[in-house]
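Notes to accompany the following structure.
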Amino acid sequence: MTVVRPLTSSAPGAIAILQLEGELDRILGAMSNHEHWPAGSARLASPGGIDDCMVVRINETTAQIMPHGGPRVQQRLLAWLGERGIGSADERDADWPEAGDAIESAMLSVLATAASPLAVDLLLAQPAYWRAGGAWTPEDDARSRRLDHLLTPPRVVVVGEPNVGKSTLLNTLAGRDRVITSDTPGTTRDFVTAEVECAGLVVHWFDTPGIRTTDDPVEEQAVELARRLVTEAHLLIAAADAEHDWPDLPRAPDLRIATKADRSPRADADVVVSATTGHGIPTLVHTIRDTLVPPQDLAAHRPWRFHPDLPTRA
32 MTVVRPLTSS APGAIAILQL EGELDRILGA MSNHEHWPAG SARLASPGGI
82 DDCMVVRINE TTAQIMPHGG PRVQQRLLAW LGERGIGSAD ERDADWPEAG
132 DAIESAMLSV LATAASPLAV DLLLAQPAYW RAGGAWTPED DARSRRLDHL
182 LTPPRVVVVG EPNVGKSTLL NTLAGRDRVI TSDTPGTTRD FVTAEVECAG
232 LVVHWFDTPG IRTTDDPVEE QAVELARRLV TEAHLLIAAA DAEHDWPDLP
282 RAPDLRIATK ADRSPRADAD VVVSATTGHG IPTLVHTIRD TLVPPQDLAA
332 HRPWRFHPDL PTRA
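Residue numbers for the sequence shown follow our numbering, so the first one is 32 and each next one is one higher.
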């Protein structure tokens, strides 16, 4: 996205300043015969033949057009820019007067609503990464999609046979009794969700009923909802204890956890936990985070397309 922001009054004056913010190469190329506008360059241009202007590219994402200050000249230039997809800075930008450009404004807007604590430092670093430029790659797209989990909690779906301890695990992770638990198999008849923080990543955790055949129409409806939820999960977890088999799932789980490690742990799992004693819980939450948002994504000093209005290239 590229926007234009008037920096001077619309009243008559000697010189006006219109600031462009965002992706600039295309619009700067349209103003003159110069295809290459490096940061720091200043050139005379005549956008649309409307007026002879000084145009300065301040950095990769900011440029200023300096036409004569007549109101009609400014109106015609704004109209010419609008015909080429350059809109005026909207009301959202006015919410962040401290923002230096459109990227900083987008960053501040997203920062205010990001779900996960891990997003904060990454977002604050983004304006510098975008200004550094560089070729955008398919891996940048893939990494951006994974990092978006920091903004909107991903769906983590846990499936297992009744009474393997899924609900007790959710209560432990959520830090409160989110689900009624008992030793009666299948106490959870509907899927229950809670927001859970996994080592700085907030996820929507879905505790599902066991996927199994039942004659109970109410329970069958819950089981069918669980099947549908499995197909939409960002992370699918299979849960089992030593007395139950792994669940039969429509797709392979991303993670297998063995529960009730304080009783009789099983060895064929990725993570072994006990919700009662807390054994394995730190390992579990870090494994969930690292699977959804790999450490190399968090450490990459590369642009992240964290807002839909940002360009698809740096």
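From the three backbone atoms N, C-alpha and C, an ideal C-beta is built for every residue, glycine too.
Given residue i, which residues of its chain have a CB within under 7 Å of its CB, disregarding the five upstream and five downstream residues?
i	result
residue 320	229, 230, 231 and 232
residue 184	146, 226, 233, 234 and 235
Keeping to the same chain, check which residues put their C-beta closer than 6 Å to that of residue i; ignore five residues upstream and five downstream.
i	result
residue 99	82
residue 338	137 and 141
residue 32	53 and 340
residue 291	196 and 272
residue 95	48, 50 and 87
residue 45	100
residue 293	305, 307 and 308
What residue does the beta strand (DSSP E) around residue i start on, and which one ends it?
i	result
residue 203	Counting along the chain, residue 203 falls outside any beta strand (DSSP E), though it belongs to the alpha helix (DSSP H) covering 197-205.
residue 49	49-53
residue 236	232-238
residue 268	266-271
residue 225	223-229
residue 37	33-37
Are residue i and residue j touching if we call contact CB-CB under 8 Å?
i	j	result
residue 285	residue 177	no
residue 182	residue 150	yes
residue 187	residue 264	yes
residue 70	residue 88	yes
residue 324	residue 315	no
residue 50	residue 59	no
residue 289	residue 190	no
residue 200	residue 306	yes
residue 130	residue 36	no
residue 92	residue 55	yes
residue 175	residue 336	yes
residue 164	residue 34	no
With 8 Å as the threshold, decide whether the Cβ of residue i is near any Cβ in chain B.
i	result
residue 331	The structure shown contains no chain B; it holds only a single protein chain.
Quick check on the DSSP output: the alpha helix (DSSP H) that includes residue i runs from which residue to which?
i	result
residue 135	133-142
Let me know if residue i comes out buried or exposed under the rule of 16 or more other beta-carbons within 10 Å of its beta-carbon.
i	result
residue 75	exposed
residue 308	exposed
residue 219	Reliability of the predicted coordinates at residue 219 is poor, the pLDDT of 47 falling under 50, and the value obtained from them is presented with this limitation in mind. Residue 219 should be labelled buried.
residue 202	buried
residue 213	Residue placement at residue 213 is poorly supported in this model, since its pLDDT is 42, which falls under 50; the coordinates are not used for a value here.
Can you give me the Cβ contacts of residue i inside the same chain, cut-off strictly under 8 Å, excluding the 5 residues immediately before and after it?
i	result
residue 280	190, 242, 261, 267 and 269
Inset, instruction - List in chain order: all unbroken beta strand (DSSP E) runs of 3+ residues lying wholly within the stretch 275-344. - result: As far as the stretch 275-344 is concerned, its whole beta strand (DSSP E) runs of at least 3 residues are 286-289.
Inset, instruction - Kindly provide the ranges of any alpha helix (DSSP H) runs that are 4 or more residues long and lie completely inside the stretch 55-122, ordered along the chain. - result: Qualifying alpha helix (DSSP H) stretches, in chain order: 56-62 and 102-114.
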